[in-house]
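Reviewing the structure listed below.
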Amino acid sequence: MTLWWLMLACGAITFGIRYSFIAAEGHYQPPSWFRRLLPFVPIAALTAIVAPELLLVQGEIILGGGNHRLWAGLIAILVASVWRNTLLTIASGFVALFVLQRI
Amino acid sequence: MRSAEAFSLGLRSVMPLLLGVAPFGVIYGVVALQSGIPALAAMAMSSIVFAGSAQFLLAQLVGAGAPLLLTAGAVGLVNLRHALYSASVAPILAHLPRRWKILLAYLLTDEAYAAAIPHLIALKPNSSQAAQAHWILFGSGFGLWAGWQLATLAGVLIGTQLPSNLGLDFALPLTFIAIVVPMIDSRALFAAAVTAGGMAVALAALPYKVGLFLAALAGLVVGAALTRKAK
Numbered sequence: 001m002t003l004w005w006l007m008l009a010c011g012a013i014t015f016g017i018r019y020s021f022i023a024a025e026g027h028y029q030p031p032s033w034f035r036r037l038l039p040f041v042p043i044a045a046l047t048a049i050v051a052p053e054l055l056l057v058q059g060e061i062i063l064g065g066g067n068h069r070l071w072a073g074l075i076a077i078l079v080a081s082v083w084r085n086t087l088l089t090i091a092s093g094f095v096a097l098f099v100l101q102r103i
Numbered sequence: 001m002r003s004a005e006a007f008s009l010g011l012r013s014v015m016p017l018l019l020g021v022a023p024f025g026v027i028y029g030v031v032a033l034q035s036g037i038p039a040l041a042a043m044a045m046s047s048i049v050f051a052g053s054a055q056f057l058l059a060q061l062v063g064a065g066a067p068l069l070l071t072a073g074a075v076g077l078v079n080l081r082h083a084l085y086s087a088s089v090a091p092i093l094a095h096l097p098r099r100w101k102i103l104l105a106y107l108l109t110d111e112a113y114a115a116a117i118p119h120l121i122a123l124k125p126n127s128s129q130a131a132q133a134h135w136i137l138f139g140s141g142f143g144l145w146a147g148w149q150l151a152t153l154a155g156v157l158i159g160t161q162l163p164s165n166l167g168l169d170f171a172l173p174l175t176f177i178a179i180v181v182p183m184i185d186s187r188a189l190f191a192a193a194v195t196a197g198g199m200a201v202a203l204a205a206l207p208y209k210v211g212l213f214l215a216a217l218a219g220l221v222v223g224a225a226l227t228r229k230a231k
């Protein structure tokens, strides 16, 4: 029974975080600097998720050839910056990873 | 753009991310059962909490018999970055009735946000298309929700017999790369990305993904500071 209450509490916390600014919109006047931060949310938040996935192997920064995900990721970044195509980027990253793992 | 088209756009945009999310869902189902959580509760958690890394943490802490307050606090910290997404989409959803806001907040995950945000940014404010923006977010949110439920169900039912180490989880960073890289079209955005990425690596050892949140904040501040200088 405790487990269910704990899950409900965690669900409420998670929902509360996600609903916070959406609910508050229109009910408060944010300072102007706050609005200037918002255009950077997608870039900053998503890059913060991606960078450790590429650079860290079990908590250690590995830059050498042994870190296949880093090099496959860099190839995907290059492909994304040139062709700006989602499926091509994902495919190039997977192909690069597949090839690197077998060299 | 009609609402059905917007919904379909969101749904299609989240599909590549499902490739990466599905293995996580399966592993979550396995980890939850191993932690002594009954199958029904493990499944229910995917609807009640609906947050991948928080569910992993919750399952592990329940298995380890951690204090309840610590567990709830840890889940809050892990999901703190979702407040940034909330702030980011809040102006776009401002005109909607409350039931829509509640629904979209419930569905607001990393993946749903990432899949929808390039399309939301591309919409011209006050255009007829912008009036359908919430359908894009609903499409990506619903797609991820349905995929997550199916994946955790597979993990709970079939579990360890499913191959989970195919490297499919790499689809997540790759899709995020495909989303982020084309959006970087100014020095300020580039600096925000480099700051957030560098800080996230430097702070990766901090518990409960606090490093992710702090790194994202650092990226926001650097980006905004550079925009101001440029003016």
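Chains as they are written, first to last, in my numbering: chain A, 1 to 103; chain B, 1 to 231.
Note that the Cβ used here is the ideal one computed from N, Cα and C, for glycine as well.
As the structure is a computational prediction, the values presented were derived from the model and not from experiment.
Per DSSP, the bridge partner or partners of residue i
| i | result |
| --- | --- |
| Ile61(A) | Leu56(A) |
| Glu25(A) | Tyr28(A) |
Chain B within 9 Å of residue i, Cβ atoms only
| i | result |
| --- | --- |
| Arg102(A) | no |
| Asn85(A) | yes |
| Val99(A) | no |
| Leu46(A) | yes |
| Trp71(A) | no |
| Gly59(A) | yes |
| Ile62(A) | no |
Beta carbon proximity, residue i to chain A, threshold 9 Å
| i | result |
| --- | --- |
| Gly25(B) | no |
| Gly167(B) | yes |
| Leu68(B) | yes |
| Asn126(B) | no |
| His119(B) | no |
| Arg81(B) | yes |
8 Å Cβ shell around residue i - same chain, five flanking residues per side excluded
| i | result |
| --- | --- |
| Gly11(A) | none |
| Leu63(A) | Leu55 and Leu70 |
| Ser88(B) | Tyr113 and Ile117 |
Residue burial classification, residue i (beta-carbon count within 10 angstroms, cutoff 16)
| i | result |
| --- | --- |
| Pro16(B) | buried |
| His82(B) | buried |
| Val30(B) | buried |
| His134(B) | buried |
| Asn79(B) | buried |
| Tyr28(A) | exposed |
| Asp185(B) | exposed |
| Arg18(A) | buried |
| Trp83(A) | exposed |
| Ala196(B) | buried |
| Gln55(B) | buried |
| Phe40(A) | buried |
| Trp5(A) | exposed |
| Trp148(B) | buried |
| Val181(B) | buried |
| Val75(B) | buried |
Secondary structure of residue i, DSSP reduced to three states
| i | result |
| --- | --- |
| Leu123(B) | coil |
| Met1(A) | coil |
| Ala118(B) | Residue identity differs from the one stated: residue 118(B) is Pro in this sequence, not Ala. It is helical. |
| Val41(A) | helix |
| Pro182(B) | helix |
| Met1(B) | coil |
| Ala51(B) | coil |
| Gly65(B) | coil |
| Thr109(B) | coil |
| Ala94(B) | coil |
| Ile103(A) | coil |
| Arg35(A) | helix |
| Pro38(B) | coil |
Residues of its chain near residue i, where Cβ-Cβ distance is below 6 Å and the 5 sequence neighbours each way are ignored
| i | result |
| --- | --- |
| Ala24(A) | none |
| Ala32(B) | Ala42 and Ala59 |
| Asn67(A) | Val57 |
| Ser35(B) | Ala59, Val62 and Gly63 |
| Ile61(A) | Leu55 |
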